[in-house]
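Chains as they are written, first to last, in the working numbering: chain A, 4 to 370; chain B, 24 to 316; chain C, 5 to 207. Using N, Cα and C, we set each Cβ at its ideal position, and we do this for glycine too. Keep in mind that this is a model prediction, so the values were computed, not measured. Read through the structure below, which is laid out as structure tokens, and then see the notes.
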Amino acid sequence: MYVAVKGGEAAIRNAHKLLADRRRGDRSVPAIRLDQIVEQLALGVDRVMAEGSLYDAELAALAVKQARGDMIEAIFLVRAYRTTLPRFGYTKPVETGRMAIERRISATFKDLPGGQLLGPTFDYTHRLLDPELADDAPVEAADRRIETAEQTPRVTDILSHDGMIEADGELPEGSETGDLTREPLSFPLERDLRLQALARGDEGFLLGLAYSTQRGYARSHPFAGEIRIGEVEVELDVAELDFPLTLGRIRVTECQMVNQFKGSSKQPPQFTRGYGLVFGQSERKSMSMALCDRALRARELGEDITAAAQDEEFVISHSDNVQSTGFVEHLKLPHYVDFQAELDLVRRMRAEHERASQTSDTQEAAE
Amino acid sequence: MTELATYNFAYLDEQTKRMIRRAILKAIAIPGYQVPFASREMPMPYGWGTGGVQVTAAVIGPKDTLKVIDQGADDTTNAVSIRAFFQKTANVRVTTRTAEATIIQTRHRIPEAALQTGQILVYQVPIPEPLRFLEPRETETRKMHALEEYGLMHVKLYEDIARHGHIATTYAYPVKVEGRYVMDPSPTPKFDNPKMHNSPALQLFGAGREKRIYAIPPYTEVVSLDFEDHPFEIQTFSQPCALCGAKGSYLDEVILDDKGGSMFVCSDTDFCEVRQEKGHRGHLAANPAEAAE
Amino acid sequence: MRAATQVFEGGFSDAVLNSQEVFRALMDAMANPGLVIPVRDLVNAPAPLQPVMAAIAATLFDHDATVWCDKAIAGSDAATGWLKFQTGLELTSTPSDAQFALIRDVDTMPSFEAFAKGTSEYPDRSTTIILQVAGFDGAEVLTLQGPGIEHTRSFAPSRLPKLFIDQWAANRAAFPRGVDLILAGKGALAALPRTTRVLKREA
Chain A
4 MYVAVKGGEA AIRNAHKLLA DRRRGDRSVP AIRLDQIVEQ LALGVDRVMA
54 EGSLYDAELA ALAVKQARGD MIEAIFLVRA YRTTLPRFGY TKPVETGRMA
104 IERRISATFK DLPGGQLLGP TFDYTHRLLD PELADDAPVE AADRRIETAE
154 QTPRVTDILS HDGMIEADGE LPEGSETGDL TREPLSFPLE RDLRLQALAR
204 GDEGFLLGLA YSTQRGYARS HPFAGEIRIG EVEVELDVAE LDFPLTLGRI
254 RVTECQMVNQ FKGSSKQPPQ FTRGYGLVFG QSERKSMSMA LCDRALRARE
304 LGEDITAAAQ DEEFVISHSD NVQSTGFVEH LKLPHYVDFQ AELDLVRRMR
354 AEHERASQTS DTQEAAE
Chain B
24 MTELATYNFA YLDEQTKRMI RRAILKAIAI PGYQVPFASR EMPMPYGWGT
74 GGVQVTAAVI GPKDTLKVID QGADDTTNAV SIRAFFQKTA NVRVTTRTAE
124 ATIIQTRHRI PEAALQTGQI LVYQVPIPEP LRFLEPRETE TRKMHALEEY
174 GLMHVKLYED IARHGHIATT YAYPVKVEGR YVMDPSPTPK FDNPKMHNSP
224 ALQLFGAGRE KRIYAIPPYT EVVSLDFEDH PFEIQTFSQP CALCGAKGSY
274 LDEVILDDKG GSMFVCSDTD FCEVRQEKGH RGHLAANPAE AAE
Chain C
5 MRAATQVFEG GFSDAVLNSQ EVFRALMDAM ANPGLVIPVR DLVNAPAPLQ
55 PVMAAIAATL FDHDATVWCD KAIAGSDAAT GWLKFQTGLE LTSTPSDAQF
105 ALIRDVDTMP SFEAFAKGTS EYPDRSTTII LQVAGFDGAE VLTLQGPGIE
155 HTRSFAPSRL PKLFIDQWAA NRAAFPRGVD LILAGKGALA ALPRTTRVLK
205 REA
């Protein structure tokens with residue numbers, strides 16, 4: 004006698020109850036508050052905002068808490084929320100040249116208009132675990148530069164004066180900026196869509212690809228022309244108004260890589276660019292993005308496509324961690340119907356194999 | 024804090040539904056052709072039925088009765104989860120009975136009971152492109168479909184014959200729709216392929232991660248690819264279902280011990296239960312009187 | 005003033021459920037070519053938009069939809085104003101750019117050739133033409149065959165574009181490229197996807 008096991012519903016309910024219990028952990032430890040996550044795990048929150056494509060620190064913090072600190076799970080939560088939001092319009096491009104700068108460095112010039120500004124960086128910290136941080140030791144307020152009204156020109160603007168570097172990219176006449184969340188991608192992509200995909204792409208995946216270009220898989224001779232972090236205004240053109248409406252300010256990290264280019268029959272030798280722009284503070288992500296962007300311009304610049312990082316379909320189709328994790332993890336779902344079909348086939352083929360070897364054995368014995 | 028995040032009715036916003044609905048109409052008009060659509064992130068992971076869920080969400084209304092199966096069963100965890108999602112977000116009637124459902128969302132099986140006019144079968148599709156494992160590039164496979172260049176697929180199937188003496192594809196077995204598009208039936212066992220042909224039901228396929236929707240209208244020719252000297256054939260089982268005694272249904276092997284003992288039961292749980300209710304018994308079925316005790 | 009209120013009024017009373025109801029009728033129609041599907045009057049749009057045509061527009065259009073309207077509709081500020089306000093659609097004056105076309109005067113409409121047929125790689129990038137007709141009891145009975153039809157189906161829209169049989173045969177021959185038709189009648193709709201074959205006329 005056999006009675007099939009049922010009760011998937013109860014099992015799921017219980018599993019989720021257990022998850023909630025584990026998420027809360029030891030009840031004698033105070034529950035973490037969203038403002039604590041926003042303030043003290045800010046770079047994690049930034050990553051969730053960047054790859055979740057939604058600039059809202061409180062929601063990102065909620066996602067981090069709900070996901071028990073699993074970043075990709077948190078990004079997924081934010082994306083699944085973002086996708087349900089109505090779309091009112093598209094803002095004007097943010098003007099990073101007018102950024103309220105917190106950090107700005109250039110590896111290409113020792114000194115430049117606007118100066119170098121280290122800002123809140125891990126760079127040059129000695130990576131020694133700091134026992135003082137285990138407790139709530141008082142932290143001194145930092146000295147801040149007095150805000151100046153002067154704008155800080157971008158390094159690429161400085162270089163462009165004598166044609167040493169290519170101009171800002173232009174989309175073909177009449178083309179509208181695409182939106183990968185509203186239109187399915189169709190390859191090959193224009194650079195606007197590619198940059199959108201990279202901006203929400205997985206930091207680790209892009210980091211690995213960027214690293215591969217430095218190790219000779221599509222080497223691009225990059226220099227970190229400039230990295231700047233700070234707040235920019237977001238503006239929306241409204242039909243009824245003759246001036247753009249300011250929606251607010253967002254913190255972004257922008258990276259402009261400057262790459263050697265030998266020139267072609269059409270273009271003189273000049274520097275080319277790779278571009279990275281992400282929500283929040285993430286130099287690693289913006290630099291990786293800029294290196295990947297440059298590598299993916301191979302077709303446009305007439306370079307040989309020899310490496311993974313230059314292969315647009317490969318990179319863009321696999322850069323989204325919400326997609327990747329879903330499909331990799333879907334292997335946990337039952338596949339027993341298909342497995343049964345394969346089991347049947349392997350048994351059949353083994354039987355055929357055995358018959359065939361018996362026949363040849365008999366033949367050999369007879370010979 | 025309750026205002027922090029709110030969701031629209033039936034989860035998908037109306038704009039998304041319109042976009043999916045437009046894609047569905049095109050898909051029905053071009054049977055077997057994969058219509059690109061701007062698939063959304065869903066509250067379940069990609070690969071777990073987001074395509075099917077988006078299609079169902081765009082189609083479903085208050086008059087519908089929904090059935091969800093995974094591996095043919097209504098009680099597998101993902102089927103339970105998706106059914107609960109629609110109960111919660113659309114407040115629709117649900118059922119496990121194939122005959123009572125107006126919409127059946129499925130993963131990996133087509134119900135054994137013949138579908139009826141007016142029913143809609145929604146497939147969850149992981150990889151919609153039948154040529155994908157022969158050619159990984161979308162730009163190339165799109166050209167192959169445009170030119171109706173399916174030689175590579177035949178070569179692949181024929182290589183099986185050369186090596187094994189028969190075609191070694193057991194599930195996701197490619198079909199040709201209305202003599203034009205080669206289509207992936209989703210990873211259903213090839214046992215189910217003949218059910219797609221001239222079905223009175225409307226068949227809709229949703230691939231969320233790959234952002235494609237395709238369809239087979241009712242009464243449409245669906246032919247499994249084969250060769251004159253190696254005609255398409257489906258799996259057969261040497262024994263009937265151990266619970267309902269059905270012959271000719273697709274069976275799952277259930278391991279009974281660690282000494283190789285196993286039994287075979289219908290993968291379509293509703294089909295099996297309806298048969299048992301009607302008094303059919305397999306050799307391992309519980310006696311109704313005993314089971315009641 | 006009157007025109008202005010007309011524009012803002014007469015939309016779906018329940019945008020979610022009404023559009024679902026109309027979509028299901030459209031999907032049934034597309035899946036069963038030539039089958040006449042009843043639809044309730046769910047909207048009230050300015051002339052010359054009849055309720056079923058207007059309900060289809062409200063169901064399928066938004067600012068991602070590019071729509072071409074024939075003169076009778078494009079010439080009515082009330083009608084185009086209603087469509088814009090209710091759906092946010094984008095109007096185009098080029099039929100071959102249109103994802104949808106709204107036709108009030110079937111007799112004088114451009115030939116199917118004037119609309120988008122899609123490409124061989126993307127045959128879905130084609131125009132769905134929505135024709136407003138009086139009903140489905142016309143004198144001319146077409147016999148249809150193809151996907152969605154078990155054997156054959158009779159179909160008798162009250163009006164058809166000129167040279168329809170020839171135009172449709174040419175459309176069918178271009179498969180998978182081609183246009184699809186939706187016919188909006190009084191209280192009912194029907195569809196002819198590009199796969200449908202028109203066999204012959206009957207008396």
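Interface partners of residue i on chain B, CB under 7 angstroms
{"i": "C/D184", "result": "A52"}
{"i": "A/L339", "result": "With the sequence shown as reference, residue 339 of chain A is identified as Tyr, and Leu is not the correct amino acid for it. Going along chain B in sequence order, the residues near A/Y339 (Cβ under 7 angstroms) are Q94, D275."}
{"i": "A/A301", "result": "Neighbours of A/A301 on chain B: none; closest Cβ ~15 angstroms, over 7 angstroms."}
{"i": "A/S189", "result": "P59"}
{"i": "C/A35", "result": "I51, L225, P240, P241"}
{"i": "A/V325", "result": "E64, Y69"}
Where residue i meets chain C, residues with beta-carbon distance less than 8 angstroms
{"i": "B/K166", "result": "E125"}
{"i": "B/V246", "result": "Under the 8 angstroms cutoff, chain C gives no residues; its nearest Cβ is about 13 angstroms from B/V246."}
Where residue i sits in the DSSP three-state scheme
{"i": "A/H321", "result": "helix"}
{"i": "C/F65", "result": "coil"}
{"i": "A/L120", "result": "strand"}
{"i": "A/K95", "result": "coil"}
{"i": "B/G174", "result": "helix"}
{"i": "B/D275", "result": "strand"}
{"i": "A/A64", "result": "helix"}
{"i": "C/L193", "result": "strand"}
{"i": "C/V40", "result": "coil"}
{"i": "B/K282", "result": "coil"}
{"i": "B/M24", "result": "Note that B/M24 scores a pLDDT of 37, beneath 50, so its modelled location is shaky; the value from the coordinates is reported in the next line. B/M24: coil per DSSP, three-state reduction."}
{"i": "A/M4", "result": "The predicted position of A/M4 is uncertain, since its pLDDT is 49 and thus under 50; a value taken from the coordinates is nonetheless stated next. Coil, per DSSP."}
{"i": "B/N114", "result": "coil"}
{"i": "C/A207", "result": "Because the pLDDT of C/A207 is 47, which lies under 50, any placement of that residue in the model is unreliable, and the question is left without a value."}
{"i": "C/V71", "result": "strand"}
{"i": "A/Y220", "result": "coil"}
{"i": "A/N262", "result": "strand"}
{"i": "C/T132", "result": "strand"}
{"i": "C/A29", "result": "helix"}
{"i": "C/L187", "result": "strand"}
Amino acids of chain B, ordered along the chain, whose beta-carbon sits closer than 9 angstroms to that of residue i
{"i": "A/A63", "result": "Correct list: empty, because the minimum Cβ distance to chain B is about 11 angstroms."}
Amino acids of chain C, ordered along the chain, whose beta-carbon sits closer than 7 angstroms to that of residue i
{"i": "B/M42", "result": "D68"}
{"i": "B/R186", "result": "Neighbours of B/R186 on chain C: none; closest Cβ ~33 angstroms, over 7 angstroms."}
{"i": "B/Y173", "result": "What B/Y173 touches in chain C: nothing, since even the nearest Cβ is about 14 angstroms away."}
Host alpha helix (DSSP H) of residue i (start-end)
{"i": "A/K20", "result": "11-27"}
{"i": "B/I51", "result": "37-52"}
{"i": "B/S290", "result": "No alpha helix (DSSP H) holds B/S290; DSSP gives it neither H nor E."}
{"i": "A/Q39", "result": "37-43"}
Listed by chain order, chain A residues near residue i by CB distance under 7 angstroms
{"i": "B/G229", "result": "Residues of chain A passing the Cβ test: none, with the nearest at roughly 13 angstroms."}
{"i": "B/V103", "result": "G11, E12, I15"}
{"i": "B/K234", "result": "P187"}
Proximity winner among the options, relative to residue i (alpha-carbon distances)
{"i": "B/D252", "options": "B/T39, B/A185, B/C264, B/Y237", "result": "B/A185"}
{"i": "B/F109", "options": "B/L35, B/M176, B/P149, B/R155", "result": "B/L35"}
{"i": "B/S62", "options": "A/R185, A/D29, A/T128, A/R82", "result": "A/R185"}
{"i": "B/A152", "options": "B/H189, B/P210, B/D183", "result": "The identity of residue 152 of chain B in the sequence shown is Glu, whereas the question assumes Ala. Cα-wise, what sits closest to B/E152 is B/P210."}
{"i": "A/L162", "options": "A/D323, A/V331, A/T275", "result": "A/T275"}
{"i": "C/L167", "options": "C/I133, C/V110, C/G182", "result": "C/V110"}
Continuous beta strand (DSSP E) stretch holding residue i: start and end
{"i": "B/T99", "result": "That residue, B/T99, is in no beta strand (DSSP E); it is neither H nor E in DSSP."}
{"i": "A/I232", "result": "225-239"}
{"i": "B/F228", "result": "225-230"}
Cross-chain neighbours of residue i in chain A, by beta carbon under 8 angstroms
{"i": "B/M65", "result": "A83, T86"}
When the Cβ atoms of the region 45-52 of chain C are set against those of the region 164-173 of chain C, are three or more pairs found closer than 8 angstroms?
Under the 8 angstroms Cβ criterion, the region 45-52 of chain C does not count as touching the region 164-173 of chain C, having fewer than three qualifying pairs.
Looking at C-beta atoms only, is the number of pairs between the region 240-250 of chain B and the region 140-155 of chain C that lie closer than 8 angstroms three or more?
The region 240-250 of chain B, when compared against the region 140-155 of chain C, does touch it at the 8 angstroms Cβ threshold.
Pairing CB atoms from the region 200-212 of chain B with CB atoms from the region 100-117 of chain B, are three or more of them under 8 angstroms?
Touching, no.
Is it a yes or a no for the region 186-202 of chain C touching the region 135-142 of chain C, going by three-plus beta-carbon pairs under 8 angstroms?
Touching, per the Cβ criterion.
So, does the region 122-135 of chain C touch the region 48-57 of chain B, judging by three or more C-beta pairs under 8 angstroms?
Taking a contact to require three or more Cβ pairs closer than 8 angstroms, the region 122-135 of chain C and the region 48-57 of chain B qualify as touching.
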